[in-house]
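This report refers to the structure that appears directly beneath it.
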Amino acid sequence: MKTIETRRLPDLAQALSAAGYCVVAPIEEGGVVRFREWAPGLAIAPGAVPANSSKDFLFPRSEVVARFALEPGGFSPAPVERSAVKTVVLCARPCDAAALTALDAVFNWDYRDGAYNARRQAMTVVSLACSKADEHCFCTSVGGAPDGVAGADAILRPADGGQLLVLDELTEKGRALAQAAAGTLSEGPAALDAPAVLPRRFDSEAVGRWLAANFESPFWKEAALACLGCGACAYACPVCHCFDLQDETDHAECRRLRNWDSCGFGLFTLHASGHNPRPDQSARWRQRVMHKFSIYPQKFKTLACTGCGRCSRLCQAGMAIAATCERIEALGR
Amino acid sequence: MKALREAAEKLLREKRVSLVIGYEDRKGRPAFFAAKPEDCGRLAYDASCRQNLAAYLGKPEIRARLPVAVVAPPAVLRSIVVLTAESQLPPGQVLALAVDGDSFLGTFDAAGVAELLRAKYSTLAPEPALLERVQGLLQKSPAERAAFWEAEFSKCTRCYACRAACPGCYCSRCIVEKNAPQWISTAALGHGNYTWSVMRAFHQSGRCTLCGACEAACPQGLPLMLLNAVLDREALEEFGSRPGYDPEAKPLIGSWSADDDHSYMR
Amino acid sequence: MARIGVFICHCGENIGRTVDCAAVSAAAAKMPGVVVGMDYKYMCSDPGQQMIRKAIIEQKLTGVVVGACSPRMHERTFRAAAAEAGLNPYLLEMANLREHCSWVHSNQAEATQKAIDLVRVMVAKVRRNRPLRPIRVPVEPTALVVGGGIAGIQAALDIAAGGKKVVLVESGPSIGGHMARLSETFPTLDCSQCILTPRMVEAASHPNITLMTYSEVASVEGFVGNFTVTIRRKARYVDPAKCTGCGDCFNKCPIKKIPNEFDAGLGLRRAIYVPFPQAVPNKPVIDAAHCTMLQKGKCGLCAKVCPRGAIDYQDQDRLEKVKVGAVVLATGFQLWDHAAYGEYGGGRLRDVIDGFAFERLASASGPTAGLIKRPSDGKEPKTVVFLQCCGSRDDKVGKKYCSKICCMYTAKHAMLYRHKVHDGRAVVFYMDVRAAGKGYEEFVRRAIEADGAEYVRGRVSRITRRRDGKLVVLGADTLAGRPVTIDADLVVLADAVVPRPGSEKLAQLFGVGYDQDGFYSEAHPKLRPVETAAAGVFLAGACQAPKDIPETVSQASAAAAKVLGLFAKPELEREPVIARVNRTTCAHCRACISACPYGAAKDFDIVDRAGKVLRAVADVNEGLCQGCGTCASVCRSHSVDLDGFTDEQIHAELNAL
Amino acid sequence: MKTLGYFPGCSLEGGGIELDLSVRAIAKAAGVDLREIEDWNCCGASAAHSLNHSLAVALPYRVLALAESQGLSEVLAPCAACFSRLKGTQVRLARSPELSQRMQEVVQRPYQGGVRILNINEFMASLLEAGLAQKLTRPLGLKVVAYYGCLLSRGQDIVTGDDAEDPKGMEAAIRAAGCESLPWNCANECCGGGFSMSKTGAVLDLSQAVLDEARAAGADAVVTGCPMCHSNLDMRQMELVKRRRIPGALPILYLSELLGLAAGLEPAALGLDRHFIESRGLVRGGV
Amino acid sequence: MMKTETSTAPAPAAFEPRITAFVCNWCTYAGADLAGTSRLQYASNMRIIKLPCTGRIDPLFVLKAFENGADAVLVSGCHPGDCHYTSGNYHARRRWTLFRKLLALTGIGDDRLFFSWVSAAEGQKFADLVNDVTAKVRKAGPFCAVHPGRRAS
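Protein chains in written order, with our numbering: chain A, 1 to 333; chain B, 334 to 599; chain C, 600 to 1256; chain D, 1257 to 1543; chain E, 1544 to 1696.
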């Protein structure tokens, strides 16, 4: 088995960096662990679920997608430099990796998104199996597992009580990476740690069935009372992918920006007329739940939720999508 | 705890309110909405409650269910007075279940809230630790301060959790949502993030009660209270402004005195 | 799509010398939205304007930027030209290439670059300009004149002569003001009452003038063309409709020893009185503070003797509203109280008097019938010391400014005294003699040379009363360089001219500014000396600054002309720089309502068809709004915007820099 | 019992000893404890400020610094010249932090500016306010003129709360003593001041003018608060009487003496027996 | 007024600041006009944005100017008591008192943000002000490129 001591993760990052990868890893800063670009000297925090998800490196929160030069009497398109740097996400959670299936689906549906696909091509995902889970985790309820390999190019599995990590290459990209990092990997036996125990909390198919039939249920009014309408859940979600196009203009140039957007915002569906088809927060929360467990699966045959629990961990108002699903399942019975 | 639950239950039983907005007796003390007397047993309050529940008073869903009662520690009481002064609360439609530490202080209407604050909390001051953080930052050079904020604001994803958490952010159309012209870039990039956070804080001067809900809500842990605190201190020192005590107060921004300082002007 | 024309003026060489105008117009032609860039020697000349008009029509321009002098100079000119060519005048903006650029910079490259930037900013702005229409408000063609002195009388008569109605409000029982108290007037020595009283009578009898004496302004609402002014008609206790002015009441009134204010306290009046025999209206009032009937319920003599039953002890103040389109403030002045000068006796020396007291002594209708007698013992003073600049030009105790009229009236006093007391000595202490006016210097020379007034250049340091009743005046003769001591019988202090008490409060009611001394501020010291910052409110007389009679009358007539000009059209056009509220996004925090200096921002209820209030928001009254934009900048959500300086325009200007 | 710092200065131990005696007596009667500043020094009056500006500030500075270090927040300087020097220094220090710094170095003592300095008029007014008025049981019924001279009327920021050209600071106290304060013309005229020794002739002229006016006003006595004024009007009056330049002697009293008499204190205890011009006869049934 | 150093050809490395000024129409704009009619020479680095009153100036305008690359911002209006609109400048003054402290905390200090009262009569003051501000900003150097408030080019 290819192994590396957990404490030597920075050496792995260093080797990959030397091999031309841009290394992204969970790094702690000011009490908050985030996926960010690793640099020599930075410690890697493999234990925690980072506040952001690895989607940030495929679908950044803001990017210029077009430029126009202003001229007398009009404008003309200007080139947008698009760089897809060879990137590795190190210690991605299995739930992050699992989200790639859902993201790939939406960014290649009727239109193949150039920027996304270029980054996706250049990205290698090395996930880290979970040996712990907290009360917000529910991957097992949405078809995932603490040691799931969906979407990953390679997986690190904790062994010897967390002292060692065992690397399994799963794809060509994964094998290329293992080769690039060969110098830091050892070959030898290791006793794999048991994956986190995470009982299934709800039946997502049952939830989907209830949702499809209960758009107008009074349940929504009451279930969304606490929601204050920010975008924290959507922005932390590894699957959420809504965006807004905004033009910013100065006297010489117009830049068209693609910025993250969230169905939690009232502005999201506000018409120019002033009419809003989702007039209150309950309609927006309903949309969020339905999209993840009913609409998206109908369209793409996959849930738009991987059970990472980030949304509930970050919610200031204690909104928890898993709890909502449990209640829905109960309603359906 | 018992007294709070009983008072809330009484309000619902006597149909004086249709909803009690409080904190739930579970981990993290999230917001909880008691609509029936029997729900009130789930209410709780302690120092770990970070949300400012007055933020719910601007939500259309809640306004449709007035009259309501709100579980309110001192900072939230002040928010209620601020909202009253700025004509955001329909008269007589909001009751406060005042709490502080472990004790329940009683049920108050808007006038009672102002009286309670004057009588019991007239000397509320910002936490010394917060002021020390402000002072510490001010002692750095302008370039160091800029670098500090550059690092902080670069984390901002523009999720607007800070705005959602704040009872003072009650505009129906936030300035950042105005796109003709778009004063504040909505891209989650340096300058837009900077302008957003600076203007958010500035727009709260005269409203902010330093409740800390915005900073607590920020998923990225931005030190937003530094911005609030420097404005709070300046408003107090220069204009004697203490938001949230006088329901008849003139707006800090929107009034003036001939004696206002202008020593920095030439 | 915007089609902007840019026209760069060389202003002869004024701009062209420092700014490469051809380069600016060439650069402008390449700016987004610009379809024409031209430069010309004199854009404001007829051919220049024709160039603009022609381009507007031929190029179908949607906006124009003229890069020339300051908009304060020619904005009206160019906007009028644009309007002639069919373009809304508010779609034209000026870039200030002269005052702000060519005249203040000498490096051509830098100045040209700055000029291009300034033009770019204006092009960016004008692309966001919207056609605006001047605000039209109907005008109520009635004027309110506050103050019944010579200024108010003159203004009222001139407006009335122009065929418009006037309400003349005077706080005292009679009109006439200070001028009625004067003996003779400089530099001609005509009798003040002889020239004034016919004007007073004319004012009272003119069919267009409504006289409200014993009345004060209580409150003001509205705006230019449409003021509603509430007048407090103070209780007279005498029904003017019944009173014939026979005088039986005040001849019988037992309360006799009240110092008469009109006579500077030298004469006495009754509790029911007319201030002076020529008063207009010549109908008495009861001074409630001194009347025993009103104070203690005892007496009632005047009611008993009045043959017409005009006395009404139950009379009360009444409030009356008048609707007027314009206001003339003519509240006049009073003399500063020299009691503040301890060295001149602190106001306790009876024979140290002010100028008005001397006027009353010298007046044939005064308490001494024109004989100069000193107050303490009624003796004719043989030595009178006149002291100029008492309280004027003294920023320690008195006022910084020169009161302007004292040099002249002191010369007149010295002259009048010498005419009446041939063996008397008139000594005038002065700092400078300021006699700039037609016939003024000649008048002073006459006082000195023909009438023998002794002018001593210097200040008086102390006035003390000796036991023999003489006033010992210690002073300095700075020309001779020695101290002077004069044993005087009477000292006349030329006290500073100060505004009337309460004038600041009145200014606040009308939104008129005033300076640190309380004098009303004109809109512009040179070019708008009669207007105030409050539209439709004009100034006449000494309420604005110390003035003599000819100047006061001139300004009163000027104010009347301004009022008549305002009334010449049934509607008023105002610059359409007006704030507007976006009612959809307004959160009704009321910051703008608190901030508006004009009370133009106010609450507004949005109601459904049934009249049910759905939501309260802020709203702006176009008539009251003056366009400062303070409301817009206190609005957190930018739900208030200002026409002419909109968010979009300013944003575009900033983006162009 | 209220405690007040006390700065007698040289005058009150010499020519102006009556002022010292009467101030201490009236303070005692009013229940005020006067605590003399320990180790006080000359205020610098008369000479220092015409010779050396630093010295003129340093001398009062030391006095003020001592008072402050001895915990005296208020100091009474009955001598008008001492008052003027101390208060003048206080004002200058407050205006100039540099001067304070320099003085601290010169005198080697810190002074934070925390001492309030009272002149005799202010002191009397404060006593009356604190209840002395009730103890003035012997209204004197005299007609007097209040004589302020220069040091109790002049000096912007030094003599505060009074009009330099028309001073009124003694009026209330004179009325409280049951006397009438007559209007007159010389309240703030010069007594001759510091020329007492060097130009006695000038002093005689000036003092005579003051005394003439006082008599013309109908005064029984002149009331003053300044030892210089007192000596010029009292001691030099002997000369005027001798030369028959004035018709008769006019008693010159300190304000503190007037109040002491009204409080029923013994004239000798107030120092009245030490005046050149006999003044004990002013009190009905006097000695 | 002597020629300022800006009128000589700047050395290639010389830093020429960009300064944005927000001025009111009635006082400072007119004061700048007077500087012009008096032919007072001053540095050419400032670009004026005219508004009716300082009361109209929203702090966002200042931030936008910095975002767009201004090295300094000047706000100038009528002296207290002289406001054409009676109190717009008083409102502005209160806002600036608060806003400048907030900006100072974020690293924009007194060498970047200037406030003044310039009346219509103070042409000389305006010229001196521009020269002084320009000199100070030149000394302070370019508005730091890392400041979060500036738009990355």
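For glycine and all other residues, C-beta sits at the position ideal for the given N, C-alpha and C. None of these values were measured; they are calculated from a predicted model.
Taking ARG338/B as reference, the option from GLY361/B, ALA367/B, LYS360/B with the minimal CA-CA separation is ALA367/B. In its chain, beyond the 5 residues on either side, VAL665, LEU691 have a beta carbon closer than 6 Å to the beta carbon of PHE677/C. Contact annotation for ALA1575/E against chain C: SER669, ASN695, GLU698, HIS699, VAL703 [CB-CB distance below 9 Å, chain order]. In the structure shown, SER141/A falls within a helical segment according to DSSP collapsed to helix, strand and coil. Rounded to the nearest whole angstrom, the C-alpha separation of ALA1013/C and ALA1046/C is 7 Å. Between the C-alpha atoms of GLY151/A and TRP210/A there is a straight-line separation of about 29 Å. Neighbourhood of GLU394/B in chain A, by CB distance below 8 Å: LYS221, ALA224, LEU225, ASP280, GLN281, SER282, in chain order. Annotated three-state conformation of PHE875/C is coil, per DSSP. For LEU1256/C, the secondary structure class from DSSP, reduced to helix, strand or coil, is coil.
Nearest to SER991/C by alpha-carbon distance, out of TRP935/C, PRO874/C, ALA961/C, GLY1210/C, is TRP935/C. The distance from the Cβ of VAL149/A to that of ALA159/A is about 16 Å, inconsistent with a contact at the 8 Å cut-off. Runs of the beta strand (DSSP E) lying entirely within the region 1605-1649 of chain E and spanning at least 3 residues, in chain order: 1615-1620. By the 16-neighbour rule on beta-carbons within 10 angstroms, PRO786/C is buried.
For the pair ALA498/B and CYS541/B, the CB atoms are not nearer than the 8 Å cut-off.
Approximately 13 Å separates the beta-carbon atoms of VAL718/C and VAL635/C; this is outside 8 Å, ruling out the contact. Looking at the DSSP output, VAL884/C bridges to TYR872/C. Of all residues in the region 1214-1233 of chain C, those with a C-beta nearer than 9 Å to a C-beta of chain E are GLN1225, GLY1226, CYS1227, GLY1228, THR1229, CYS1230, ALA1231, SER1232, VAL1233, reading in chain order. Boundaries around ILE603/C are those of the beta strand (DSSP E), 603-608, since no alpha helix (DSSP H) includes it. Residues of chain D whose Cβ lies closer than 8 Å to the Cβ of GLY941/C are, in chain order, ASP1419, ALA1420, GLU1421, ASP1422, PRO1423.
If you check the CB distance, LYS841/C and SER814/C do not come in under 8 Å. In this structure, DSSP gives GLY1327/D a state outside helix and strand, which the three-state scheme calls coil. DSSP, read as helix, strand or coil, puts TYR356/B in strand.
When secondary structure is reduced to three states using DSSP, HIS251/A falls in the coil class, being assigned neither helix nor strand. Contact check for ARG652/C and GLU683/C: beta-carbon distance about 6 Å, within the 8 Å limit, so the pair qualifies. Residue contact check for PRO1507/D against chain C: no CB pair falls below 8 Å.
Here the alpha carbon of LEU731/C sits roughly 8 Å from the alpha carbon of ASP1242/C. Closest in alpha carbon position to ALA452/B, among LEU438/B, SER505/B, PRO461/B, LEU464/B, is LEU438/B. Per DSSP, GLN537/B has no beta bridge partner at all. For GLY945/C, the C-beta contacts it makes with chain D under 8 Å involve ASP1419, GLU1421, ASP1422, in order along the chain.
Distance from the Cα of PRO1082/C is smallest, within the candidate group VAL1055/C, GLN648/C, ALA1095/C, for VAL1055/C. Listed along chain C are HIS1237, ASP1246, HIS1250, each with a C-beta nearer than 9 Å to that of TRP516/B. Under DSSP, ARG1501/D takes part in no beta bridge, so it has no partner. Runs of beta strand (DSSP E) with 3 or more residues, each lying fully within the region 1409-1482 of chain D, are found at 1477-1480, listed in chain order. Residues of chain C with a Cβ closer than 8 Å to the Cβ of ARG1599/E are, in chain order, CYS1227, GLY1228, THR1229, ALA1231, SER1232, LEU1241, PHE1244. For ARG34/A, same chain residues with a beta-carbon under 6 Å away, outside a window of 5 residues either side, are PRO50, ALA51, ASN52 in chain order.
Inside the region 907-993 of chain C, DSSP marks whole alpha helix (DSSP H) runs of 4 or more residues at positions 954-961, from first to last along the chain.
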